[in-house]
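Each remark here refers to the structure printed beneath this line.
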Amino acid sequence: MDTGTQSSAFLYFIQPFLSQHKNSGIDCTLPFNNSVDFIVKNFGSFSPFAPLQLFHNLSSNFSAVEALPVLTLAQLHELVFSPPARPEDRANILTRVFDFLLQTPNREKLYNIVIGLQTEARMANFSCENYKV
Numbered sequence: 083m084d085t086g087t088q089s090s091a092f093l094y095f096i097q098p099f100l101s102q103h104k105n106s107g108i109d110c111t112l113p114f115n116n117s118v119d120f121i122v123k124n125f126g127s128f129s130p131f132a133p134l135q136l137f138h139n140l141s142s143n144f145s146a147v148e149a150l151p152v153l154t155l156a157q158l159h160e161l162v163f164s165p166p167a168r169p170e171d172r173a174n175i176l177t178r179v180f181d182f183l184l185q186t187p188n189r190e191k192l193y194n195i196v197i198g199l200q201t202e203a204r205m206a207n208f209s210c211e212n213y214k215v
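Convert by adding 82 to the 1-based position in the sequence shown; the result is the number in the numbering used here.
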């Protein structure tokens, strides 16, 4: 299946199907043990098409920091640059993301996140404290 077809399948079938709970009260997500398991079981190979916020909307127990190993660069970007629930969480989020990215297999993602930091940190209202992580 090409990327366009996958994107359409996600947008017009998978996302609406998993999101039915809001309208019908029926939970269409599969049971899961942790946040990585939630993404793998409910989204599989379609997970790159989902914005991070969708995972949060579908599961109140979802932890993006716990799911770092399966998040795409776009989802990591959303995690780093979107405001956390509480401002004091930003330093913790940045520390956990960078600890993860500093592991050898993640160097390419690290490079891309650093480029994003250079261009978007001002818009995200990062404080000096955020840079001390």
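From the three backbone atoms N, C-alpha and C, an ideal C-beta is built for every residue, glycine too. Model, not experiment: these values are computed from the prediction.
Might you give, ordered along the chain, the residues of its own chain that have their beta carbon closer than 6 Å to the beta carbon of H159, omitting 5 neighbours on each side? Hits under 6 Å: G198.
Does DSSP put S89 in a helix, a strand or coil? Three-state result, S89: helix.
In terms of residue numbering, what span does the alpha helix (DSSP H) encompassing F120 cover? 117-125
Take the Cβ of V162 as the centre, count every other Cβ of all protein chains shown within 10 Å, and call the residue buried at 16 or more, exposed below. It is buried - the Cβ of V162 has at least 16 other Cβ atoms within 10 Å.
In whole angstroms, give me the CA-to-CA distance for A173 and Y94. A straight line joining the alpha-carbon of A173 with that of Y94 spans about 36 Å.
Beta carbon of L140, beta carbon of T111: below 8 Å? yes
Going by beta-carbon coordinates alone, are Q97 and L136 separated by less than 8 Å? yes
Which complete alpha helix (DSSP H) runs does the stretch 157-195 hold, if anything under 4 residues is left out? 171-183
Whole-angstrom C-beta distance between R178 and L150, which should lie under 8 Å: 7 Å
Element boundaries [alpha helix (DSSP H), containing F99]: Judged by DSSP secondary structure, F99 falls within the alpha helix (DSSP H) whose first and last residues are 97-100.
Is it right to say M205 is buried, meaning 16 or more other beta carbons lie within 10 angstroms of its own, or is it exposed? M205 counts as exposed, since fewer than 16 other beta carbons sit within 10 angstroms of its beta carbon.
From what residue to what residue does the alpha helix (DSSP H) around L136 run? 134-140
F120 versus A91 - alpha carbon distance: Roughly 19 Å separates the two Cα atoms.
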